[in-house]
């Protein structure tokens, strides 16, 4: 019986030089360990630039408005850029004037459009200070001031229009902290004023 055992072992060794039991233990163990695991290297995610996202909206950054006082439109300090308050100017004229929620005043829907315009102006100012829109790495904080009637409480809904536009332009980097504040009046009778803080690359 011992001779037969050695002969059988030798025959197996000659046809398969791996140790006895390798196929039974090693191979099956390997299959079990890698079952359900895709070992292929994933393809790199396609990154869409902020400028490309902006172009997809059909919008372009407006010319940065010249300051009307002793301040600058935006200031970079370290890795942050903060804008001055931006009004809803279109080609040098306010998109609307008046108080939101008052009789004969600015309708909330128009105020929301003004918020989109004002935040686009803020992005233009921030991009100018940052060295281009693609230098912006994160929208950090948005502060919106809404000229409001005393009983009007829809400021957050108006600012949603600005926040949604930032998400369209910056994608995940457009997520931000925000304040929406009702005030009695704003400069030049504007219904909306927006300040923006962004982080920029080194």
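Numbering (this note's numbering), first residue to last: 1 to 202.
Ideal Cβ positions, reconstructed from N, Cα and C, are used throughout, including at glycine.
Kindly indicate which residue of the options has the alpha-carbon position closest to the one of residue i.
i           : options            : result
residue 162 : 174, 53, 153       : 174
residue 67  : 105, 151, 104, 122 : 122
residue 105 : 60, 76, 152        : 152
residue 130 : 194, 78, 170, 150  : 78
residue 156 : 96, 179, 63, 64    : 179
residue 184 : 71, 160, 98        : 98
Looking at residue j and residue i, is the spacing between their C-beta atoms short of 8 Å?
i           : j           : result
residue 181 : residue 144 : yes
residue 73  : residue 125 : yes
residue 117 : residue 90  : yes
residue 60  : residue 196 : no
residue 69  : residue 194 : no
residue 127 : residue 192 : no
residue 81  : residue 198 : yes
residue 119 : residue 186 : no
residue 102 : residue 149 : yes
Hey, would you say the C-beta of residue i is under 7 Å away from at least one heavy atom of the ligand GTP?
i          : result
residue 94 : The ligand GTP is absent from the structure shown, which contains no ligand whatsoever.
With a cut-off of 8 Å on the beta carbons, I'd call residue i and residue j a contact; round off their distance for me.
i           : j           : result
residue 53  : residue 168 : 7 Å
residue 190 : residue 147 : 7 Å
residue 142 : residue 176 : 5 Å
residue 50  : residue 133 : 5 Å
Quick one: what's residue i bridged to in DSSP?
i           : result
residue 138 : 199
residue 148 : 100
residue 86  : 194
residue 181 : 145
residue 94  : 89
residue 76  : 81
residue 106 : 100
State yes or no: is the beta carbon of residue i nearer than 8 Å to at least one beta carbon in chain C?
i          : result
residue 67 : In the structure shown, chain C does not exist; there is a single protein chain.
Practice task
Could you tell me whether the region 134-143 touches the region 100-113, where touching means 3 or more Cβ pairs closer than 8 Å?
Solution key: In the pairwise beta carbon analysis, the region 134-143 is classified as not touching the region 100-113: fewer than three pairs are separated by under 8 Å.
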